[in-house]
């Protein structure tokens, strides 16, 4: 039959102490046995740009693609939030009356703790010529994209905004 022992390990002021259940203690340098950070970072630095797309409108009548960069991830909030920069191009692929829309739904954390969303919309009505766009938002929890093809207007229609599926580009949830 094997004998078993309970060993308690504690790190204090750079020394590693190990004590058996019988109470005898031995010491070793913590640097040779264990390296642990003294603080836990709450903010991470900028990530490399992550490509997204191409994402097409129904019938491949418009396309959008680009990159997303996330920085300053804050894990001390619920939901986790970060600063997000989105760059890309939207291209209309129809000749005639249609225009390509790239519509982003950005969910963010407000100072009062609520988590609303806002839309950012980019329009291109020139067949085959990509229109560049870029935006940066802070305190972001979620970024979603929908690509639509509709007639020229001041804003996307309710059908574009609320019918179909949003594609998630970035989530801290």
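Residue numbers (mature numbering (1 follows the signal peptide of the UniProt record, and there is no 0)): -30 to -1, 1 to 143. Each residue gets a CB set at the ideal place from its N, CA and C atoms; glycine is no exception. The structure displayed is predicted, hence computed values, not measured ones.
Relative to the C-alpha of residue i, which residue among the options is closest?
{"i": "residue 99", "options": "131, 18, 34", "result": "34"}
{"i": "residue 111", "options": "78, 55, 46", "result": "78"}
{"i": "residue 106", "options": "76, 44, 30, 115", "result": "76"}
{"i": "residue 48", "options": "109, 73, 40, 102", "result": "109"}
{"i": "residue 129", "options": "101, 71, 141", "result": "71"}
{"i": "residue 17", "options": "41, 55, 45", "result": "41"}
{"i": "residue 63", "options": "102, 21, 26, 51", "result": "26"}
{"i": "residue 140", "options": "45, 90, 55, 92", "result": "55"}
{"i": "residue 97", "options": "45, 80, 30", "result": "30"}
Between residue i and residue j, what straight-line distance do the alpha-carbon atoms span, to the nearest angstrom?
{"i": "residue 28", "j": "residue 61", "result": "14 Å"}
{"i": "residue 132", "j": "residue 125", "result": "13 Å"}
{"i": "residue 73", "j": "residue 52", "result": "20 Å"}
{"i": "residue 80", "j": "residue 101", "result": "31 Å"}
{"i": "residue -14", "j": "residue 43", "result": "Confidence in residue -14 is poor, its pLDDT being 43 and thus under 50, which makes the residue's placement too unreliable to answer from."}
Is the beta carbon of residue i less than 7 Å from the beta carbon of residue j?
{"i": "residue 32", "j": "residue 117", "result": "yes"}
{"i": "residue 119", "j": "residue 68", "result": "yes"}
{"i": "residue 122", "j": "residue 95", "result": "yes"}
{"i": "residue 39", "j": "residue 19", "result": "yes"}
{"i": "residue 57", "j": "residue 91", "result": "no"}
Can you tell me whether residue i is buried or exposed? The criterion is at least 16 other CB atoms within 10 Å of its CB, across all chains shown.
{"i": "residue 143", "result": "exposed"}
{"i": "residue 59", "result": "buried"}
{"i": "residue 66", "result": "exposed"}
Are three or more beta carbon pairs between the segment 133 to 143 and the segment 82 to 90 nearer than 8 Å? With the cut-off at 8 Å, the segment 133 to 143 and the segment 82 to 90 do not touch.
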